[in-house]
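Scroll down for the structure; my scribbles are underneath it.
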Amino acid sequence: MMAYKDPKKAKENYLRYRKRHLEEIREKDRIQKRIWRKENPEKVKETNRKCYLKYQKKRILDQRNYRLKSPEKVKESNRKCYYKHREERCKNMRDYRDKASPEKKKEWYQYVQNWHKENPLRRKEWHFAKKFEIVSHYTNEEFNCQNCGMVGISFLTIDHIEGRKKLRHDRNTGTGEVYRHILKNKFPSDFQILCFNCNMIKEILREKKVSQTRRSVWRRLHRKQLKIEVFSKISKPNPHCQCCGYDDVDGLSIDHINGRKKEGHGRNFTSSDLYSWLKRNDYPPGYQVLCLNCNAAKGQLEICPHKKMEMIQIE
Ligand SMILES: [Zn+2]
Ligand SMILES: [Zn+2]
Ligand SMILES: [Zn+2]
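Going by my numbering, the first residue of the sequence shown is number 64, and it counts up by one from there.
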């Protein structure tokens, strides 16, 4: 560069040079600063700290105002952050929970139980809303069984088309977990909507195909004979649903009229246990035959929609 005697001209020249090589100069600056920061970490820390304290109050206020002004955006970004770190957080929580003392575990368990007792509707509402969304998507808002056409959301269930094992879902996988899986994966094609009767019949057919050893064939035959015998005694003369008249034995079940708990039949008391128990005790009152659809609807709504319609007609 040529040296100018006139300072004004020199400045002009410098500015022109700077304008032409602006990016280069900035890059050089950046590199130098980076090096300086690496060499003086203590100083950097101090400056940052000072700056932080200087604007602390203002920042807190600004943040509060932002949160108040746009709650939707905050919610959105929180949700994004939650899903981004979800796996990691779940793992940490699991580790923490596993290491906790038995007393602490008991305390947590109690807390959750109390919450559900205090908010019985919240859980039910959540389940119903998710089920509604999923069933309406898979049935194109017709709310019918894809096999027999039965209409009514309380009669419908979500079926794993190729079995639960394919998705590593087993008997202990809760419905809530299945709902979450479907919504997270944007309605995958592994599922269809069936009524409870069709779902059970499909399951029985699948079992017949899968296990064909002599022992299991004999066991199935024995179970079915017992079922027909017991059901014929309760819903005379032939096994049928005492609410809607459905008469395929595979879709029928025994209903505890006043609930399982009152009779002291826990979760481990299987249906076969119940059939032989009924036969042994000479068919005590308090039991009726319902198809799985009516049984499920009764469980969800306390009165099956069929009965409700009858009541309306009588009135
Ligand atoms: Zn059906
Ligand atoms: Zn029925
Ligand atoms: Zn019914």
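C-beta atoms are modelled at their ideal positions from N, C-alpha and C, and glycine is treated no differently. Keep in mind the model is a prediction, meaning the values are calculated, not measured.
For this session: Would you identify the three-state DSSP class for Tyr-350, choosing helix, strand or coil?
Result: In this structure, Tyr-350 counts as strand in the three-state DSSP scheme.
Exercise. Taking DSSP as the reference, what is the three-state secondary structure of Asn-141?
Worked result: DSSP places Asn-141 in helix when its eight states are reduced to three.
Exercise. Using a threshold of 7 Å, is the CB atom of Cys-357 nearer than that to any non-hydrogen atom of ligand 2?
Worked result: At least one heavy atom of ligand 2 is nearer than 7 Å to the Cβ of Cys-357, so yes.
Exercise. Using the beta carbon as the reference atom, which residues fall closer than 5 Å to any heavy atom of ligand 1, ordered along the chain?
Worked result: Qualifying residues come out as Cys-208, Asn-210, Cys-211, Met-213, Cys-258 and Cys-261.
Exercise. Any contact of the segment 242–249 with the segment 205–218, i.e. 3+ C-beta pairs under 8 Å?
Worked result: No, the segment 242–249 is not in contact with the segment 205–218.
Problem set entry | For Ile-216 and His-303, the rounded distance between their alpha carbons | Answer to the nearest angstrom: the Cα atoms are 22 Å apart.
Exercise. Do Phe-218 and Asn-356 have their CB atoms nearer than 8 Å?
Worked result: Contact flag set, yes.
For this session: Would you list, in sequence order, the uninterrupted alpha helix (DSSP H) runs of no fewer than 4 residues that lie entirely inside the segment 123–199?
Result: You should have 134–147, 149–162 and 165–181.
Problem set entry | Distance between Arg-277 and Gln-305 (C-alpha atoms, nearest Å) | The alpha-carbon separation between Gln-305 and Arg-277 amounts to approximately 34 Å.
Problem set entry | Ala-232 - containing beta strand (DSSP E), residue span | The amino acid at residue 232 is misidentified as Ala; the sequence shows His. Element bounds for His-232: n/a, residue is neither H nor E.
Exercise. Thinking C-alpha only, which one of Pro-134, Pro-347, Tyr-346 and Asp-318 is nearest Thr-333?
Worked result: Closest option to Thr-333, Cα to Cα, is Asp-318.
Problem set entry | Contact the segment 278–297 vs the segment 339–352: 3+ CB pairs below 8 Å | Judged by Cβ distances under 8 Å, the segment 278–297 makes contact with the segment 339–352, as three or more pairs qualify.
Exercise. On the three-state DSSP scale, how would you describe Phe-206?
Worked result: Residue state, collapsed to three classes: coil.
For this session: With a threshold of 7 Å, establish whether the CB of Tyr-309 neighbours any heavy atom of ligand 2.
Result: Yes, ligand 2 has a heavy atom inside 7 Å of this Cβ.
Problem set entry | Distance between beta carbons of His-190 and Thr-238, contact taken as under 8 Å | So it is a contact: roughly 7 Å between Cβ atoms.
For this session: Please report how far the alpha carbon of Glu-326 lies from the alpha carbon of Pro-347, in whole angstroms.
Result: Their backbone Cα atoms lie some 11 Å apart in a straight line.
Exercise. Alpha carbon to alpha carbon, how far is Arg-97 from Asn-111?
Worked result: Arg-97 and Asn-111 have their C-alpha atoms roughly 15 Å apart.
Exercise. Whose CA, out of Cys-367, Cys-261 and His-328, lies closest to the CA of Asp-310?
Worked result: Considering only alpha carbons, the answer is Cys-261.
Exercise. How is Ser-298 classed by DSSP in three states: helix, strand or coil?
Worked result: Assignment of Ser-298 by DSSP, reduced to helix, strand and coil, places it in the coil class.
Exercise. Where does the unbroken alpha helix (DSSP H) through Ile-267 begin, and where does it stop?
Worked result: If you look at Ile-267, you'll find it in the alpha helix (DSSP H) that goes 259–273.
Exercise. Would you report the Cα separation of Gln-275 and Arg-283, rounded to the nearest angstrom?
Worked result: The C-alpha of Gln-275 lies about 10 Å from the C-alpha of Arg-283.
Problem set entry | Distance, His-179 Cα to Ile-105 Cα | Reading off the sequence shown, one finds Glu at residue 105, where the question assumed Ile. Looking at the two C-alpha atoms, the distance is approximately 52 Å.
Exercise. Among Pro-183, Tyr-242 and Glu-188, which one has its Cα closest to the Cα of Tyr-201?
Worked result: Closest option to Tyr-201, judged by alpha-carbon separation, among Pro-183, Tyr-242 and Glu-188: Tyr-242.
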